[in-house]
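Using UniProt numbering, the first residue of the sequence shown is number 1, and each one after it goes up by one.
Here is the structure we will look at.
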Amino acid sequence: MVLQLGDPLPDFTCESQVGPINFHSYLGSSWGLIISCPSDHLPVPTTEFGEASRLSDEFISRQVKILGINCSGVDSHQGWIVDVKASTGQQIDFPILSDADRHVTPLLGMTAGNINTVRTCIFVSPSKKVAMSMSYPVTCGMNFHEILRVVDSLQMTEKNGVSTPVNWVRGQDCMLPELMDDGDADEKFDSVQRIDVPSRKGYLRIIKDPN
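And the structure:
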């Protein structure tokens with residue numbers, strides 16, 4: 001099963017180191033971030049789960065709830081959490097789902113060849129749909145600065161109906177989507193800056209951060 005952008009994410013219940021987690025109930029009306037790895041006690045995911053915990057306040061301030069998931073058992077999770085704390089100085093403060101029987105990861109499109117859980121992060125909208133996903137090779141750690149930037153962009157678009165340009169971060173100028181006509185743009189936003197281009201198509205329109 002391959003999930004596409006905008007696809008609804010199915011509900012499920014799965015064990016974790018903090019007890020059974022019902023996916024939809026856990027997220028409630030919040031945004032979600034699902035981080036997967038093949039198993040516990042792997043070098044790169046150890047750094048990733050530690051970093052996710054270090055940035056806990058950043059995610060909380062954005063109303064994002066994190067879920068980890070892999071195919072190791074709950075007892076293994078408990079031991080790995082101790083290792084993460086010892087090696088990164090961070091206490092994992094989010095549930096790590098135990099998909100030992102591999103009934104959840106296929107639902108989330110997180111398997112390769114129906115055997116191994118791939119290293120993926122899925123951004124979940126409050127409507128429980130795939131807002132974005134990123135997959136990584138086993139050798140490359142996730143960039144949590146980029147993950148937070150993506151969250152900011154997704155939330156900006158959800159709230160204001162704007163687009164964010166290359167390397168955008170919070171507070172910088174945004175762009176108007178091509179499907180928004182000029183009348184609506186001028187009514188909704190102050191000081192729309194139109195960039196002249198040789199084609200004269202008028203598709204480059206910039207506004208200040210509406211937040």
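Ideal placement from N, C-alpha and C gives every residue a C-beta, glycine not left out.
Look at residue i and residue j and say whether their C-beta atoms are less than 8 Å apart.
i	j	result
I122	L108	yes
S16	T120	no
M142	V162	no
R170	D190	no
E58	L154	no
A52	I66	yes
D173	K128	no
D83	T47	no
Under 8 Å Cβ to Cβ from residue i, same chain only, skipping five residues before and after it: list those, please.
i	result
N22	D11, F12, T13
L5	V130, A131, M132, S133
L204	M175, R194, I195, V197
V124	L9, L27, W31, G32, L33, I34, V130, A131
G183	none
residue 228	The question about residue 228 has no answer here: the residues shown for the chain are numbered 1 through 211.
Leaving out five residues on either side along the sequence, give the residues of the same chain with a beta carbon under 6 Å from the beta carbon of residue i.
i	result
Q193	I206
T88	G50
P165	M175
Going by C-alpha distance, which of the options is nearest residue i?
i	options	result
S72	A100, P95, E48, I66	A100
H145	S135, N160, V138, N167	N167
M110	S127, Y136, V18	Y136
P126	V118, E158, T105	E158
P38	V118, G202, V150, N160	V118
C140	L3, V44, N211	V44
P210	G202, M180, D75, K188	K188
P20	F94, W80, S56, A185	F94
L42	D186, I81, M156	I81
Short of 7 Å in beta carbon distance, which residues of its chain neighbour residue i, apart from the five on each side in sequence? Order them along the chain.
i	result
H77	Q17, D40, I96, S98
K85	Q91
Please list the terminal residues of the continuous alpha helix (DSSP H) segment that includes residue i.
i	result
residue 221	Any property of residue 221 remains undetermined from this structure, which presents the chain solely from 1 to 211.
Y26	23–27
G6	Element bounds for G6: n/a, residue is neither H nor E.
What first and last residue would you give for the beta strand (DSSP E) that runs through residue i?
i	result
R170	Taken as a continuous stretch (DSSP letters only), R170 belongs to no beta strand (DSSP E), as it is neither H nor E.
Segments assigned beta strand (DSSP E), at least 3 residues, entirely inside the region 62–125
64–70, 96–98, 119–124
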